[in-house]
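Asks: FYI, the numbering for the sequence shown is 1 to 160, going by our numbering. Input: one structure, supplied below.
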Amino acid sequence: SISTSCLSTRCLSTSCLSTNCLSTQLHTLRAKPIVIRCASSHPFQEVCSETLDTLAEALEEIPDYVPDVPELFDVEYNGEVLTVRVLEGHTYVINRQTPNQQIWLSSPISGPKRFDYVDGAWVYAHDNSTLIELLEEELSGLFGWELHFNSVRHCLLPFT
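Here it is as structure tokens:
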């Protein structure tokens, strides 16, 4: 079956475009974007790097689209840890945990969470929420604008 977790107008998975990755495109009746399914499995480091890189890019674009972004807003990413300062006392820290093959989130709103990569999404096992859904919800509330990080919803199959 074809993964429906990638519903962005562009799948930023460069591995989907490589010659060693078979892909299938699916167009739906309601003009949803192309969904690509990669046929190969990918190691944790590749999936995690792609997620954090793309998320950092999406977060850095917020001031381009959201009016009145707080002056303190800042995004820092060093390849391992992504830090997002939204307001005074509202800092998100997102980082890879290679030994556990997880992404860990420290949120000023919902607290700490550990996400496992399941079927193309980083999922919090306690409530099945995804990293992207949680960030969209919380940041939308802080900014007062509905945010969607569609470019981060990529279409990789689970790695082994």
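Heads up, the beta-carbon is just placed ideally off N, CA and C, and yes, glycines get one too. Please read these numbers as outputs of a predicted model, since none were measured by experiment.
Would you kindly report the start and end of the unbroken beta strand (DSSP E) that includes Ala121?
Replies: 121-124 is the span of the beta strand (DSSP E), which, as asked, contains Ala121.
Asks: So for Leu87, helix, strand or coil by DSSP?
Replies: It is a strand residue.
Asks: Report the residue from Pro108, Gln102, Ile109, Ser140 whose alpha carbon sits nearest the alpha carbon of Tyr124.
Replies: For Tyr124, the nearest C-alpha among the options comes from Gln102.
Asks: Taking only three categories from DSSP, how would you classify Phe143?
Replies: Correct three-state label for Phe143: helix.
Asks: Helix, strand or coil: how does DSSP classify Gln97 here?
Replies: Of the three classes helix, strand and coil, the one that applies to Gln97 here is strand, per DSSP.
Asks: Answer yes if the region 104-111 comes into contact with the region 120-137, meaning at least three C-beta pairs across the two stretches below 8 Å, and no otherwise.
Replies: Taking 8 Å as the limit for Cβ pairs, the verdict is that the region 104-111 does touch the region 120-137.
Asks: In the DSSP assignment, what are the bridge partners of Ile103?
Replies: DSSP lists Arg96, Phe115 as partners of Ile103.
Asks: Short check: CB of Leu215 to CB of Phe149, under 8 Å?
Replies: Residue 215 cannot be examined here, being either before or after the span of the chain that is shown, 1 to 160.
Asks: From Lys113 to Ile62, what does the alpha carbon distance come to, in whole angstroms?
Replies: So the alpha carbons of these two residues sit roughly 23 Å apart.
Asks: For Pro43 and Val66, I'd like the C-alpha separation in whole angstroms.
Replies: C-alpha separation (whole angstroms): 35 Å.
Asks: Taking buried to mean at least 16 other C-beta atoms within 10 Å of its own C-beta, is Thr51 buried or exposed?
Replies: So Thr51 ends up on the buried side.
Asks: Below 7 Å CB to CB, which residues in the same chain sit around Leu87 once its five sequence neighbours on both sides are set aside?
Replies: For Leu87, where only same-chain residues beyond five positions count, the Cβ hits under 7 Å are Pro70, Leu72, Leu142.
Asks: Between which residues of its own chain and Thr83 is the CB-CB distance below 6 Å, once the five residues before and five after are set aside?
Replies: Once the five neighbours on either side are set aside, the close Cβ partners of Thr83 are Glu76, Val93.
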